[in-house]
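Taken in order, the sequence shown gives residues 1 to 326; the numbers are from the UniProt record's numbering.
Even glycine gets a Cβ: it sits at the ideal position worked out from N, Cα and C.
Source: prediction; values computed, not measured.
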Amino acid sequence: MKNFQIIRALSSKSAVISIAKEKEAMFIAGGTNLVDLMKKNVVAPDKLVDITALDLKKIEFLTGKTSIGALAKNSQVAEDKAIIEKHPLLAMALTAGASQQIRHMATVGGNMLQRTRCSYFYNTDMPCNKRVPKSGCGAIGGSNRMHAIFGASDSCIAVHPSDMCVALAALDATVQVEGPKGKREIKFTDFHRLPGNTPEKDNTLQNKELITSVEIPNNNFTKNVHYLKVRDRSSYAFALVSVAAALDIQNNTINDVRLAMGGVAHKPWRLTEVEEFLKGKTVSETIFRQAADLAMKGARGYGDNDFKLTLGPNAIVEALTIASSK
1 MKNFQIIRAL SSKSAVISIA KEKEAMFIAG GTNLVDLMKK NVVAPDKLVD ITALDLKKIE
61 FLTGKTSIGA LAKNSQVAED KAIIEKHPLL AMALTAGASQ QIRHMATVGG NMLQRTRCSY
121 FYNTDMPCNK RVPKSGCGAI GGSNRMHAIF GASDSCIAVH PSDMCVALAA LDATVQVEGP
181 KGKREIKFTD FHRLPGNTPE KDNTLQNKEL ITSVEIPNNN FTKNVHYLKV RDRSSYAFAL
241 VSVAAALDIQ NNTINDVRLA MGGVAHKPWR LTEVEEFLKG KTVSETIFRQ AADLAMKGAR
301 GYGDNDFKLT LGPNAIVEAL TIASSK
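Here it is, written out as structure tokens:
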């Protein structure tokens, strides 16, 4: 790890100004991913702007929405009684992610910005277009058991590792950001990017922008919800496939639904076409199986991860079945 300067910002405005002055500067909060990347020499900032003193830790229940500060800890959100009541899917996803110790350190904003856990990305001796553009993708034709089956490109087949983000994508969240050009709002489903020809770009943040909060609109998904995470071990492990399922069921009919997958793409994979298919349908295993088959349209394996083509639809059926039975 190379030497670097660290300064502490006392306001969002000063944080943005501080980071804008340096080409190789980065924000740091919990540091649960960034410090690892620095130790591996995957990133090497000249300056870190510590934002932990900013007033961005609040969870507020406002008219028509819930606002969660970017510096709220993952454990704080997951254990909040009102979040568990109003947005249980988010609480479930956060609880499924990482270890309890990491959840006590990791922030909501940092969770959104964490980088892929692709082994080629972390190994600086191997080619990786995400780490070094145009150097190649070692995972294509290499070890790719954890990798994408949706939305990949010839440049990158890595997946986004977050559980929290899958739930937020399903819940129609929006991201509030502040930067040198002022404040703006980004739909959560537009926040993360597919790799295309620029896999080094994980998200749609503009240069030096700071995430200040995430907002979730009020909804009726308070009962029939489930976050299913299939992984190699039940302790701290990233998803092979995950499914966030939220249903609004009236008289055994699906009035509304939200569905997203994790561990399958470069971003949380929202299944809007499947949602439209399920609306108005009577709850049944047959309908759930048809929905799962529809969800896999366009899926492609790369060898080691071909099993996800079977695991994916089975996980969708299980998640919907569990959610609908509550």
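Sequence-distant residues of its chain with Cβ nearer than 7 Å to residue i (five each side left out)
i: LEU89; result: ALA167, ALA170, LEU171, PHE221, VAL225, TYR227, ALA244, ALA246
i: THR52; result: ALA29, LEU71
i: ARG8; result: ASP50, ALA53
i: PRO268; result: HIS160, CYS165, VAL166, ALA169, HIS192, ALA260, GLY262
i: ILE211; result: ALA70, GLY109, MET112, VAL175, VAL177
i: ALA93; result: ASP163, MET164, VAL166, ALA167, TYR227, ALA244
i: SER324; result: ASN224, LEU247, ILE249, VAL283
i: ALA299; result: ILE149, PHE150, LEU309, GLY312
i: LYS279; result: ILE254, ASP256, VAL257
i: GLU22; result: ASP46, LYS47
i: ALA96; result: ASP163, TYR227, LYS229
i: PRO133; result: GLU200
i: LYS326; result: LYS223, ASN224
i: LEU10; result: ALA53
i: LYS187; result: THR174
Own chain residues within Cβ distance below 8 Å of residue i, not counting five before or after
i: ASP203; result: Note that residue 203 is Asn in the sequence shown, not Asp. Cβ neighbours of ASN203 beyond the five flanking positions: MET112, LEU113, PHE191, HIS192, ARG193.
i: MET26; result: ILE19, LEU34, VAL43, PRO45, LYS47, LEU48, VAL49
i: LYS65; result: GLU215, ILE216, PRO217, ASN218
i: PHE277; result: GLN290, ALA291, LEU294
Residue of the options minimising C-alpha distance to residue i
i: TYR122; options: CYS137, GLY109, GLY110; result: CYS137
i: VAL264; options: SER14, VAL159, MET26; result: VAL159
i: LYS270; options: GLY141, SER242, ASP154, ALA323; result: Residue identity differs from the one stated: residue 270 is Arg in this sequence, not Lys. Among GLY141, SER242, ASP154, ALA323, the Cα nearest to that of ARG270 is on SER242.
i: GLN100; options: ILE83, LYS223, VAL77; result: VAL77
i: LYS81; options: LYS13, ALA96, GLU60; result: GLU60
i: SER12; options: MET1, LEU54, VAL257, HIS87; result: LEU54
i: GLY142; options: LYS281, SER324, ILE287, MET126; result: MET126
i: GLY301; options: CYS118, LYS86, GLY151, VAL132; result: GLY151
i: PHE288; options: ILE322, SER234, ASN305; result: ILE322
i: LEU320; options: GLN290, ASP304, LYS297; result: GLN290
i: GLU285; options: ARG117, ASN252, ASP36; result: ASN252
i: THR32; options: ILE6, CYS118, LYS73, LEU62; result: LYS73
i: LYS201; options: VAL16, ASP36, ARG115; result: ARG115
i: ASN41; options: THR124, GLY303, HIS87, GLU318; result: THR124
i: VAL16; options: GLN206, TYR236, ASN305; result: GLN206
i: ARG145; options: TYR236, ASP232, GLN5, ASP36; result: ASP232
Where the alpha helix (DSSP H) containing residue i begins and where it ends
i: LYS65; result: First-last for LYS65: 65-69, but that is the beta strand (DSSP E), not the alpha helix (DSSP H).
i: MET164; result: 164-170
i: ILE59; result: Per DSSP, ILE59 belongs to no alpha helix (DSSP H); it is in the beta strand (DSSP E), 59-62.
i: MET105; result: 100-105
i: PRO313; result: 308-324
i: GLN76; result: 74-79
i: ILE19; result: 12-20
i: THR116; result: Element bounds for THR116: n/a, residue is neither H nor E.
i: ALA93; result: 88-96
i: LYS39; result: 34-39
Run of the beta strand (DSSP E) containing residue i, from where it starts to where it stops
i: SER119; result: Element bounds for SER119: not the beta strand (DSSP E) but the alpha helix (DSSP H), 119-122.
i: ILE6; result: 5-8
i: LEU48; result: 47-50
i: MET26; result: 25-28
Any non-hydrogen atom of the ligand GDP closer than 7 Å to residue i Cβ
i: LYS58; result: Ligands displayed in this structure: none; no statement on the ligand GDP is therefore possible.
Neighbourhood of residue i by C-beta distance below 6 Å, restricted to the same chain and skipping five residues each side
i: GLU209; result: VAL177, GLY179
i: residue 327; result: The structure shown does not extend to residue 327, since the chain is modelled only from 1 to 326, so the question has no answer here.
i: ASN316; result: At residue 316 the sequence reads Ile, which differs from the Asn that was named. Hits under 6 Å: VAL243, ALA292, ALA295.
i: LYS2; result: ALA44
i: PRO195; result: SER153, SER155, CYS156, HIS266
i: MET38; result: MET1
i: TYR120; result: MET126, CYS128, GLY138, ALA139
i: ARG258; result: ALA170, ALA246
i: GLU275; result: VAL257, LEU259
i: ALA91; result: ALA78, ILE83, ILE84
i: ASN305; result: ASN144, ARG145, HIS147
Residue-level contact to chain B via CB, residue i, 8 Å cutoff
i: LEU90; result: Looking for chain B here will not work: only one protein chain is present.
>> Closer than 8 Å is the cut-off here; do at least three beta carbon pairs connect the segment 232-242 with the segment 296-312?
In response: Cβ pair count under 8 Å is three or more, so yes.
> Which runs of the alpha helix (DSSP H) spanning at least 4 residues fall entirely within the segment 223-302, listed in chain order?
Replying inline: Considered as a whole, the segment 223-302 harbours 272-278, 285-295 as its complete alpha helix (DSSP H) runs of no fewer than 4 residues, in chain order.
>> Between the segment 177-185 and the segment 101-110, can you find at least three pairs of beta-carbon atoms closer than 8 Å?
In response: Result no; under three Cβ-Cβ pairs closer than 8 Å.
>> List, from N- to C-terminal side, the alpha helix (DSSP H) runs of 4 residues or more that fit wholly inside the segment 174-215.
In response: Taking only runs of at least 4 residues, the alpha helix (DSSP H) segments lying wholly in the segment 174-215 are 188-191.
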